[in-house]
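J.: Residues 18 to 555 (my numbering) are what the sequence shown spells out, left to right. Quick reminder that beta carbons are idealized off the backbone N, C-alpha and C, glycines included. None of these values were measured; they are calculated from a predicted model.
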Amino acid sequence: FLISILWLVVFTKKLFFWVWLWQLKEYHIGRFLDHFRTEKGKKLLLSPWLAVKAVALFGIFFYPHLYLFYFVLAIFFFESLLAIRHSFRKTLKIPVLTRKTSLILTAGMSLELLALTVFFNLGFSLKKFTLYLLGLDILAPLVFSFLVLLFQPLTVALREQLIRKAKKKRERFKDLLAIGITGSYGKTSTKEFLATILAKKYKVLKTKEHQNSEVGISRRILRDLNEEYDIFVVEMGAYNKGGIKLLCDIAKPRIGIVTGVNEQHLSTFGTMENLLSAEGGGELAASLPEDGLAIFNYDNPLVKKDRIKDYNARLKNVKFYSLFEKESDLWAKEIKIEKEALSFKAVAKDGEQAIFNLNLLGIHNIHNMLAAAICAKYLGMGLAEIAKAAAQIEPWQSGMQLKEGTGGLNIIDATYSANPSGVMSHLDYLKVWPGKRVLAMPCLIELGKASKEVHQRIGKKIADVCDLAIITTKDRFKEIKEGAGELPQTQPREREAEVVFMEKPAEIVDKIKSFAKPGDVILLESRVPSEVINSLIR
């Protein structure tokens, strides 16, 4: 009986974890499998616990001595204590409760109780019962993944029904102007900037945070779209070719904005051609009507200007924005980057100009602002009017904020998301800070074949900018370290970067606090452990 209770605690913890992981990867098989190419993913499959349990399983099968049963009991007892400790510390991985996760968790826990009931009633021997519990425990990843996939047909059917309802409702709003925004990065910021600006003149509905999939967009339409709205600003994300087209079929955009494009999610797209087709803007441009408008980032080397007409030969209006290129339709000059703000003069091809003063951090936000401004200008707003509205945009809307840290430290919170271009831009921004500069970040994921080269580039930038870089995952630490050592000796070094690997939150915090002094700046990039964030930010 005791071993059953302990096993139930351990197995339920694993149920929560594996459903959490599937939910984190948005139930996308490619993203889920890609996780096991990372160091953390490999540890899940090759953990010492798994090896010990496998040895115990074979030991009991061939040599069923009583001390082995006590050994298994001790394993489950210790794991139960760990589960309880994680629960009290609120570090237990638990999925966000939705109808889907609630259904899967209920089915999983029912399966656990049913399995125990059946084996109790069958009157199995201690040997068989222990073997059964150990076997199920070892196979937990497969059992719970199978359970998740078992519900996929139902999920797909419900999703298709949701999409059909959303399409039907969207068709009723013939005069609604939908604006689709896609790209590898910059989507959320551009959506926030554009919606804030347009709200000064129009009634605007926008997709919410993390609401860039077919389910999220459909739910937004069904729950909130009504006759009051003039404009619907839609963030569009995808992991496969054809994903953006599906979203366009739902939202029916007449204007499409393509922000930045890089190698992010290359592993799920498979090829750069597939990525460019989706988040590179091909499918969005192809979905626009003849009198629609496509807006592209002129500065992005992956966007081939001569290929845009190949996406949609009927499309009459294509506009570009740029930081420096005067051949574009809107560009920036007189750029000033400060610690807590930035300013620039926006210049349009027709000669109109306006000065933008923004409470935002980093030059990358100028790209996103130009994308929003060129769209707002096309919809009848003057640049001065746009600049006035943009001045009210708050730092949180850009996904990067300056926060007051403990011990007088300045914390740059960029933990919302991460991509190669974003990391490089954030590191460039650190140059405005005169004191010590510290970076804490994990290695980036889902970069496919580009991963090695991307992390070497990040390493070079770290060497150029930082005094200390703490890498919290091991996957590409070697490449970052190599890149940091490749800065040419002829290039003057203002500072020597210390690049270290640390994954324990307490050690990371201790290292930062012992290294930095009041007034220094700490950049927290991507999914840094929450314990680190909570310890450093007031």
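(1) Quick test of your reading: residue 543 and residue 435, contact by CB under 8 Å. State the CB separation rounded to the nearest angstrom.
(2) Could you tell me the distance, in whole angstroms, from the CA atom of residue 378 to the CA atom of residue 355?
(3) May I ask you to verify whether the region 31 to 50 touches the region 119 to 129, counting CB pairs closer than 8 Å and requiring at least 3?
(4) From 307, 50, 427 and 259, pick the residue whose C-alpha is nearest to that of residue 296; which is it?
(5) From residue 320 to residue 304, what does the alpha carbon distance come to, in whole angstroms?
(6) Name the DSSP bridge partner or partners of residue 314?
(7) Counting only the same chain and skipping the five closest in sequence on each side, list residues whose C-beta sits under 8 Å from that of residue 33.
(8) Which runs of the alpha helix (DSSP H), 4 residues or longer, sit entirely within the region 252 to 305?
(9) With residue 235 as the anchor, note down where its alpha helix (DSSP H) starts and where it stops.
(10) Whose C-alpha, out of 492, 411, 154 and 357, is nearest the C-alpha of residue 212?
(11) If you count every other CB in all the chains shown that lies within 10 Å of the CB of residue 523, and 16 or more means buried, which is it?
(12) Whole angstroms is fine: what's the gap from residue 7's alpha carbon to residue 237's?
(13) Say whether the region 525 to 541 touches the region 451 to 460, bearing in mind that this needs 3 or more beta-carbon pairs closer than 8 Å, one atom from each stretch.
(14) Would you call residue 160 buried or exposed, if buried means 16 or more other Cβ atoms sit within 10 Å of its Cβ?
(15) Going along the chain, which residues of its own chain have a beta-carbon closer than 6 Å to the beta-carbon of residue 563, five neighbours each way excluded?
(16) For residue 459, which option in 253, 525 and 131 has the closest C-alpha, if you only look at C-alpha atoms?
(17) From which residue to which residue does the beta strand (DSSP E) around residue 467 run?
(18) Apart from the five residues on each side of it in sequence, which residues of its chain come closer than 6 Å, Cβ to Cβ, to residue 403?
(19) What are the residues that DSSP puts in a beta bridge with residue 454?
(20) Let me know if residue 62 comes out buried or exposed under the rule of 16 or more other beta-carbons within 10 Å of its beta-carbon.
(21) Compute the Euclidean distance between the alpha carbons of residue 317 and residue 248, then round it to the nearest angstrom.
(22) Can you tell me where the beta strand (DSSP E) with residue 198 in it begins and where it stops?
(23) Which same chain residues, not among the five before or five after residue 101, have their C-beta less than 8 Å away from its C-beta?
(24) Counting beta carbon pairs with one atom in the region 60 to 80 and one in the region 182 to 196, are three or more of them shorter than 8 Å?
(25) Excluding five sequence neighbours on each side, which residues of the same chain lie with their C-beta closer than 7 Å to the C-beta of residue 265?
(26) Should the region 431 to 451 be called in touch with the region 470 to 483, which here means at least 3 C-beta pairs below 8 Å?
(27) When DSSP labels each residue in this structure, what does residue 345 get in the three-state scheme?
(28) Which stretch, first to last residue, makes up the alpha helix (DSSP H) that contains residue 136?
(29) Taking all protein chains shown into account, decide if residue 517 is buried (16 or more other Cβ within 10 angstroms of its Cβ) or exposed.
(30) Closest to residue 242 by C-alpha separation, out of 268, 261, 498 and 253, would be which residue?
T.: On the basis of the supplied data:
(1) 3 Å
(2) 8 Å
(3) yes
(4) 259
(5) 17 Å
(6) 338
(7) 109, 110, 111, 112 and 122
(8) 260 to 268, 283 to 286, 289 to 295 and 299 to 304
(9) 231 to 241
(10) 411
(11) exposed
(12) The structure shown does not extend to residue 7, since the chain is modelled only from 18 to 555, so the question has no answer here.
(13) yes
(14) buried
(15) In the structure as shown, the chain starts at 18 and stops at 555, and residue 563 therefore has no counterpart that could be examined.
(16) 525
(17) Element bounds for residue 467: n/a, residue is neither H nor E.
(18) 214, 390 and 393
(19) 538
(20) exposed
(21) 27 Å
(22) 194 to 199
(23) 26
(24) no
(25) 197, 300, 301 and 304
(26) yes
(27) coil
(28) 116 to 138
(29) exposed
(30) 268
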